Structure formats: C-alpha cells, structure tokens
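Peer 1: Chains as they are written, first to last, in this note's numbering: chain A, 627 to 769; chain B, 627 to 769. Okay, here's the structure, questions in a sec.
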C-alpha cells in the first residue's frame, strides 16, 4: 500500500515547477535535480500537460510551467490520476469471494484520499527555502 | 495505492480457514479454490503460522487451521504484516526534498489502516453461505 514511482515522479515534477516558478522548467532540470531517468519523466510531463496541470511551451528555449496555482492542486487529485486499481483488490477480481474485502478496501482508500485532499502542492513545498537549496534552484533565484 | 498480491493471498487464506473451520485445510485446497499458485501460498501460510494466525499440523493428514477466532483478527493487522513501505514514498527516500510529502502520505496511510481496523476476518467472511458455495466448501459441510 504505497504510492507508485509514477505518482512520485508526478508530484516531484509539480513540486519542482512550483519552486522554479515563474521560470520555465525543462525535463532535464527535473531529472538532474532528483536523479530520475529523463525517459520516465517525459511521459509524466506529457500526462500532467494533458490533465491541465502544466503548460508546455515548445521551441529551443521551451519548457513547462504550472498551469494553476499550487494552492489549487490537491495531492489527492494527482493520486487519482496516477494510481490505478483504486477500489479493486490486487488481483482485479470483484466477485462474490472478495465482495466484503473489496468494500472494506474501497472505504480505506477513500479515507486515504480524504487525507490527501487536505494537502496541496503548495503545502508539500512549504519548506521552499530548504527545497530550493537542495534542488539547486537557489542560483537561479539569485540571478 | 492498491494492496499487493501477497496481502490478497494472506487474507484469502485466512478467509478460507475461517469458512472451513474446524476442518484442517491443506495449501492445495486454497490454491484450487481461488485458482492461485500453490508455490505462492506455501510462503504465505508459513508466514501466517509464524505470526500466530495459523496452527500448522504436520503429517500425512496434516494441514492448518486458524489459531484465533476470526473476530479477533483485524484486516489492518494482516496488512501491517504483509505490506511494505508504509510511511515511505515509492522511492524509499526520506530526505528534505519529500519531507512534507512523506508526512502527508504517512497520515493518509494511517487513515487507510484505521478503516481496516474496523474490519475483522469474520466481517469479510460474513457472507459465509455464498462463500462456501463458491469455494466448494458446501460438500464438506454437508458430509
């Protein structure tokens, strides 16, 4: 019962875009900052764009930025987009045998998401000074 | 954010033992009933024995049975045993960068488990008549 790498990458990308704002961010910046494979991030940034969280600007000096205020993006809505299998047990089965178990797990998942409704991207980047330093975003700020 | 196959197997094994009670259950019975690989179940049954949920009886007519009343086993305690990564993001990292995110996810996981504290193995097998029929346990009962 842990979040997938994909969710992790999506949240980190949004955090990075929040901290770099209003500067345009390149996928390579995010890959370097977190030590994540660029290949995985490309798909993630594409999806975040499709879902309306990032604006992609094409071209030689292109990149992406947040499409909404980080205060207006809950962690829960990202998790709903990125995590599969909400409401189903691991096997994907939903027959009589696991009916009560599925109900229990669905209720537990709702409680999980309910907590994450209370956190926005702004909240999880609230320690912005520390984060900018760790992610090497201080230099850009000062410039 | 879904439960692993391992958790699923553990819960199903406990459900089966509950429904078959007081009869001894063999790993092969559980494998046949759910169409799960025997190999996966052997490990699972071994662990459930170690954690004190099953009593294993060796020998030619051996098998296992529940070590406690199903009303006394919460789904949450099984999930705590079987699921890894509670309290950590997918990458296993716990540094400054994801500090607030880890806190949010930990709180969400606590809420998830809190709901499952409210369900016991007896609760998820409460539709016992249906389950015994689907799992082919009716015959044994009648005999």
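Backbone N, C-alpha and C fix where the C-beta goes; we use that ideal spot for every residue, glycine too. Here the structure is a predicted model, which is why all the values come from computation and not from measurement.
Residues in its own chain within less than 8 Å of residue 636(A) by CB, not counting five upstream and five downstream?
Peer 2: Within the same chain, residue 636(A) has close Cβ partners 670, 673, 674, 704, 707 and 708.
Peer 1: Quick one: list the residues of chain A neighbouring residue 777(B), beta-carbon separation under 7 Å, in chain order.
Peer 2: Any property of residue 777(B) remains undetermined from this structure, which presents chain B solely from 627 to 769.
Peer 1: Who are residue 700(A)'s beta bridge partners in DSSP?
Peer 2: DSSP lists 746(A) as partners of residue 700(A).
Peer 1: Could you round the C-beta distance between residue 660(A) and residue 651(A) to whole angstroms and report it? I think they count as a contact, below 8 Å.
Peer 2: So it is not a contact: roughly 12 Å between Cβ atoms.
Peer 1: Considering only their Cβ atoms, is the gap separating residue 640(B) from residue 679(B) smaller than 8 Å?
Peer 2: The answer is yes: Cβ separation under 8 Å.
Peer 1: Tell me the start and end of each unbroken beta strand (DSSP E) in the region 651-692 of chain B that is at least 3 residues and wholly inside, in chain order.
Peer 2: Here the runs fully enclosed are 680-683 and 689-692.
Peer 1: Taking beta-carbon pairs under 9 Å, can you tell me which members of the region 654-668 of chain B lie near chain A?
Peer 2: Result list: 659, 660 and 662.
Peer 1: Determine the DSSP secondary structure at residue 758(B), reduced to helix, strand or coil.
Peer 2: The answer is helix: DSSP assigns residue 758(B) an H, G or I state.
Peer 1: Look at residue 697(A) and residue 748(A) and say whether their C-beta atoms are less than 8 Å apart.
Peer 2: Contact: yes.
Peer 1: Quick check on residue 704(B) - is its C-beta less than 8 Å from some C-beta in chain A?
Peer 2: It does not; no Cβ of chain A falls within 8 Å.
Peer 1: Any idea what DSSP makes of residue 628(A), helix, strand or coil?
Peer 2: In this structure, residue 628(A) counts as coil in the three-state DSSP scheme.
Peer 1: Just by C-beta distance, which residues in the region 731-751 of chain A are closer than 9 Å to chain B?
Peer 2: The residues in question are 731, 733, 734, 735, 736, 737, 738, 739, 740, 741, 742, 744, 745, 749, 750 and 751.
Peer 1: Below 8 Å between beta carbons: does that hold for residue 723(B) and residue 757(A)?
Peer 2: Their beta carbons are under 8 Å apart, which means residue 723(B) touches residue 757(A) by this criterion.
Peer 1: Take residue 684(B) as the anchor and find which of 753(B), 745(B) and 653(B) has the nearest alpha-carbon.
Peer 2: Checked all of 753(B), 745(B) and 653(B); the closest Cα to residue 684(B) is 653(B).
Peer 1: Tell me the DSSP secondary structure of residue 644(A) in three-state form.
Peer 2: Three-state DSSP puts residue 644(A) in a helix.
Peer 1: In chain A, what lies closer than 8 Å to residue 761(B) by C-beta?
Peer 2: Residues of chain A passing the Cβ test: 723.
Peer 1: Taking DSSP as the reference, what is the three-state secondary structure of residue 622(B)?
Peer 2: With chain B covering 627 to 769 only, the question about residue 622(B) has no answer from this structure.
Peer 1: With 8 Å as the threshold, decide whether the Cβ of residue 682(B) is near any Cβ in chain A.
Peer 2: False, the Cβ-Cβ gap to chain A never drops below 8 Å.
Peer 1: Compile a chain-ordered list of the residues in the region 671-701 of chain B whose CB is closer than 9 Å to at least one CB of chain A.
Peer 2: Within the region 671-701 of chain B, the residues whose Cβ lies closer than 9 Å to some Cβ of chain A are 701, listed in chain order.
Peer 1: Since residue 632(B) and residue 700(B) should fall inside the 8 Å C-beta cutoff, what is the C-beta to C-beta distance between them, to a whole number of angstroms?
Peer 2: Their Cβ separation, rounded to whole angstroms, is 18 Å, which puts residue 632(B) and residue 700(B) out of contact at 8 Å.
Peer 1: Could you tell me the distance, in whole angstroms, from the CA atom of residue 752(A) to the CA atom of residue 695(B)?
Peer 2: Each residue's alpha carbon lies about 47 Å from the other.
Peer 1: To the nearest angstrom, report how far apart residue 734(A) and residue 725(A) are at their CA atoms.
Peer 2: Distance between the alpha carbons of residue 734(A) and residue 725(A): 14 Å.
Peer 1: Which whole-angstrom value is the C-beta distance of residue 755(B) and residue 738(A), which I expect to be below 8 Å?
Peer 2: Actually they are not in contact, since the Cβ atoms of residue 755(B) and residue 738(A) sit about 32 Å apart, beyond 8 Å.
Peer 1: Using a Cβ-Cβ distance cut-off of 8 Å, determine whether residue 757(A) contacts chain B.
Peer 2: Chain B, which has a Cβ nearer than 8 Å to the Cβ of residue 757(A), makes this yes.
Peer 1: Under 9 Å, CB to CB, which of the residues in the region 633-646 of chain B have a partner in chain A?
Peer 2: If the cut-off is 9 Å between Cβ atoms, the region 633-646 of chain B has 633, 634, 635, 637, 638 and 641 near chain A.
Peer 1: Just verifying my parser: in three-state terms, what is the DSSP assignment at residue 737(B)?
Peer 2: Three-state DSSP puts residue 737(B) in a helix.
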